[in-house]
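Per this note's numbering: the sequence shown = residues 4 to 159.
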Amino acid sequence: MIVDRIDRQILMALAEDARTSNKDLAIDVGLSQSACLERVRRLTERGTLKGAHAEVDPAAFGIGVQALVAVQLKRHTRAAVARFEQTALALPQVVALYHTTGRNDYLAHAVAQDMEHLRDFTLDAITALPEVSRVETSLLFRATKKTSWPDLTEET
């Protein structure tokens, strides 16, 4: 769903700082407080605005290692894909799961306390799954990401 210019401004501002008050947000986008609040409510109801998030240092949770675990499945039936996704997402070490094209079927963003914990997770929790045929793990030296999406609706 494509949104208008003001909705995009609201989404970009909230992506940058989800704690922005409605008053400040309304000023930033040039709306009254009530109109701004209504737009945020509508964006939330339509599922365009999916939530507010805080960036937390992973070390606070005992996370010392992050990795991308590339997974190839033995079979690509809907049932096998669904089972793998459900099982992988239930693992506490998996923080994101991406279904991809190419050589690998999935990339799992995994976290662990240390290298031994990561090895045990990979061998015991991922490689042992009956749907999995191959696993390749790449360590993340650092994970950084943008706070908002690029606006591809505007002409350059």
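The C-beta atom is built at its ideal place from N, Cα and C for all residues, glycine as well.
Quick caveat: nothing in here was measured; it's all calculated off a predicted structure.
Check each candidate in the options and name the one with the smallest Cα separation from residue i.
| i | options | result |
| --- | --- | --- |
| Glu19 | Lys148, Ala83 and Leu155 | Lys148 |
| Leu132 | Ser141, Pro153, Asp108 and Thr90 | Thr90 |
| Ala128 | Val72, Gln12 and Asp117 | Val72 |
| Leu100 | Asn107, Arg106 and Leu92 | Leu92 |
| His56 | Leu143, Ala21 and Ile30 | Ala21 |
| Gly105 | Thr150, Asp117, Val74 and Ala115 | Val74 |
| Ala1 | Gly50, Arg11, Arg122 and Arg145 | Residue 1 lies beyond the range of the chain shown here (4 to 159); nothing can be said about it. |
| His79 | Glu58, His102 and Asp60 | His102 |
| Thr140 | Thr23, Ala111 and Gln116 | Ala111 |
Would you decide whether residue i is buried or exposed? Buried here means 16 or more other CB atoms lie within 10 Å of its CB.
| i | result |
| --- | --- |
| Arg42 | buried |
| Thr125 | buried |
| Thr159 | Confidence in Thr159 is poor, its pLDDT being 44 and thus under 50, which makes the residue's placement unreliable; the coordinate value appears in the next sentence. Label assigned to Thr159: exposed. |
| Leu17 | buried |
| Val68 | buried |
| Ala29 | buried |
| Leu52 | buried |
| Leu155 | exposed |
Under a three-way DSSP split, which group does residue i fall into?
| i | result |
| --- | --- |
| Asp60 | coil |
| Thr159 | Only weak support is given to the placement of Thr159: the predicted model assigns it a pLDDT of 44, under 50, and the value that follows is read from those uncertain coordinates. Three-state DSSP puts Thr159 in coil, outside helix and strand. |
| His79 | coil |
| Val43 | helix |
| Val84 | helix |
| Gln89 | helix |
| Arg22 | coil |
| Arg8 | helix |
| Pro139 | First, the residue type needs correcting, since residue 139 is Glu and not Pro in the sequence shown. Strand. |
| Gln36 | helix |
| Ala70 | strand |
| Ala29 | helix |
Compare the beta carbon distance of residue i and residue j with 9 Å and say whether it is the shorter of the two.
| i | j | result |
| --- | --- | --- |
| Glu134 | Arg86 | yes |
| Val6 | Leu40 | no |
| Ile9 | Val32 | yes |
| Leu143 | Ala70 | yes |
| Gln12 | Lys26 | no |
| Leu34 | Ser151 | no |
Ordered along the chain, which non-local residues of its own chain (more than five positions away) have a Cβ less than 8 Å from that of residue i?
| i | result |
| --- | --- |
| Leu76 | Ala83, Val84, Phe87, Asp108, Tyr109, Glu134, Val135 and Ser136 |
Could you pull out every residue in the same chain whose Cβ sits closer than 6 Å to the Cβ of residue i, ignoring the five residues on either side in sequence?
| i | result |
| --- | --- |
| Ala161 | Since the displayed the chain opens at 4 and closes at 159, residue 161 lies outside it and no answer follows. |
Residue i CB to nearest chain C CB: under 9 Å?
| i | result |
| --- | --- |
| Lys77 | Within the model displayed, chain C is absent; a lone protein chain is all it includes. |
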